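Asks: Protein chains in written order, with the working numbering: chain A, 13 to 216; chain B, 13 to 216.
Submitted below is the structure of interest, expressed as structure tokens.
Protein chains: 2
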Amino acid sequence: MKNITPQQQKVLDCIQVYINKTGFPPTRADICKELGFKSPNSAETHLRALEKKGFISIESGTSRGISINNPEIVENNNEYPIVGLVAAGSPTLASENVEKTLNCPKGFFGSDFDYFLRVRGLSMKDAGIMEDDLIAVKKTQEIRNGDIVIARIEDEVTVKYFQRTAPNIVHLKPANQDFKDIEVNLEETELFIEGKSVGLIREN
Amino acid sequence: MKNITPQQQKVLDCIQVYINKTGFPPTRADICKELGFKSPNSAETHLRALEKKGFISIESGTSRGISINNPEIVENNNEYPIVGLVAAGSPTLASENVEKTLNCPKGFFGSDFDYFLRVRGLSMKDAGIMEDDLIAVKKTQEIRNGDIVIARIEDEVTVKYFQRTAPNIVHLKPANQDFKDIEVNLEETELFIEGKSVGLIREN
DNA sequence: AATTTTACTATATATTTATACAGTATAATG
DNA sequence: CATTATACTGTATAAATATATAGTAAAATT
């Protein structure tokens, strides 16, 4: 995807706005009217440039045959479950754990995610994670040092920074001086990583 | 919304499938081709019936001017502008201040809001507002003590707690010990409230 | 039983629309 | 310095398209 010029961006926006408003793409004349051009060829050349750069597709010989190339916007929305931090047991998606669902565009946080976790306590306060915040959790085992993970140690679920200090030693670090580090020896204690935080939502 | 006949449902489905596939609505001829009709008037009469029953809208004199009436899904979402904290001047919605837009369901934070403000600095750190967070700002003058407001004092825009301590005295309180209280005497200094925070989004 | 709705074929045409061609001018790139 | 990309106006036209008109026939409604 090459660089878009400001004018081409205007044309692209104009197309998107037109589709949002009417449900179908504009004609060359429609674009001219909207942007003040006096020749249909002004729109035509912009469309050709946008097509060449990969921003749109044009179906030749077809009226209003413009489509915006944006795979992200397709199948946009989704209802994501909000689960509470259950004291005992993992935050499963079983219906008794789901307080409600939240409609959120897919890929809202850049990355995919699976559910929202409602935060209890202030152990990650200095990371800007407050009580009742919703953490967007992606179920994954691909964890790097410094990631904020949702971890389960023997029926206890917590949100902490992940830090592997030795092949068998993992530190779960809070972001709050009042809480203490949890050092887990993987040979002695079972540690299950539910996933990691990819975003956060606060409603106030 | 009256009863749809099976054949009309087929036509409606055909339109939806065509839009999903191509990004724009079909012509009469396209519908005929898809459903095996031999006359464009077959499609035309079905379209008229669907319009009469309220399932679609037809823009007269417009090629491919068909839109599916679905009030639930339409208008659910919105593109909200993301504005940066401009050092001088208010965070207006002028295009030069808008870095990009974010698709977000309406009423996502319980309340309506107008734009997202990208946070600079750590003056509200203890309130869980970190650098680069997006604050959902509702433009309003209805502010209560304790609200997080976006305030402008002589070309300086800040995010702070609002606290009125006397009829003419307003304190703008940071949530970080390293920053100091701003006391504003409304008789001496002009204080403009842009709006208040109704929510927060963090992408990590 | 009469009328309306549904469900088509077939043909015609005014209008809409994409798109080519001929220019002008400035900025960016190699 | 030549070339390409950007950014337009203006005119023209073949093709795409909506839409009207004229029929036929079965099903549903009044």
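Beta carbons: idealized from backbone N, C-alpha and C, even for Gly.
Computed from a predicted model, the values in this text were never measured in an experiment.
1. Could you check which residue in A:D167, A:D193 and A:I213 has the C-alpha nearest to that of I205 (chain A)?
2. In chain order, what are the residue ranges of uninterrupted alpha helix (DSSP H) at least 4 long that sit wholly in the stretch 25 to 65 of chain A?
3. Sort B:N115, B:N81 and B:K118 by Cα distance to G35 (chain A) and report the nearest one.
4. Check whether the stretch 139 to 156 of chain B touches the stretch 147 to 162 of chain A, taking contact to mean three or more Cβ pairs, one atom from each stretch, closer than 8 Å.
5. Using the beta-carbon of each residue, which ones in chain B are nearer than 8 Å to I141 (chain A)?
6. Does the beta carbon of I181 (chain B) sit closer than 8 Å to a beta carbon anywhere in chain A?
7. Starting from G96 (chain A), follow its DSSP beta bridges and name the residues at the other end.
8. May I have the straight-line CA-CA distance separating A178 (chain B) from I162 (chain B), to the nearest angstrom?
9. Taking a cut of 8 Å between CB atoms, which residues from the stretch 192 to 215 of chain A lie near chain B?
10. Out of curiosity, what's the CA-to-CA distance linking G207 (chain A) and G96 (chain A)?
11. Confirm, please, whether the CB-CB distance from S209 (chain B) to I302 (chain B) is below 8 Å.
12. Going along chain B, which residues have a C-beta under 7 Å from S75 (chain A)?
13. Nearest by alpha-carbon distance to P38 (chain B): which of B:I27, B:L62 and B:E199 is it?
14. Since I16 (chain B) is in the beta strand (DSSP E), which residue starts that stretch and which ends it?
15. Please list the partners that C116 (chain A) has in chain B, where partner means a Cβ-to-Cβ separation under 9 Å.
16. Determine the contact status of E56 (chain B) and R40 (chain B), defining contact as a CB-CB distance below 8 Å.
17. Taking Cβ-Cβ distances shorter than 8 Å, what residues in chain B pair up with P38 (chain A)?
18. I believe Q175 (chain A) touches H183 (chain A) by the beta-carbon criterion, under 8 Å. Please report the beta-carbon distance rounded to the nearest angstrom.
Replies: Taking the coordinates as given:
1. A:D167
2. 40 to 47 and 52 to 64
3. B:N81
4. These segments do not touch.
5. G140
6. no
7. A:R130
8. Pairing A178 (chain B) with I162 (chain B), the inter-Cα distance amounts to about 20 Å.
9. S209, V210, G211, L212, I213, R214 and E215
10. 15 Å
11. No statement about residue 302 (chain B) is possible, as the shown extent of chain B runs from 13 to 216 and does not include it.
12. Per Cβ cutoff of 7 Å: S75 and R76.
13. Residue B:I27 is the option with its Cα nearest to P38 (chain B).
14. Per DSSP, I16 (chain B) belongs to no beta strand (DSSP E) and is neither H nor E.
15. C116, P117 and F120
16. yes
17. Neighbours of P38 (chain A) in chain B, taken as residues whose beta carbon is under 8 Å from its own, are absent, since the nearest beta carbon is some 10 Å off.
18. 4 Å
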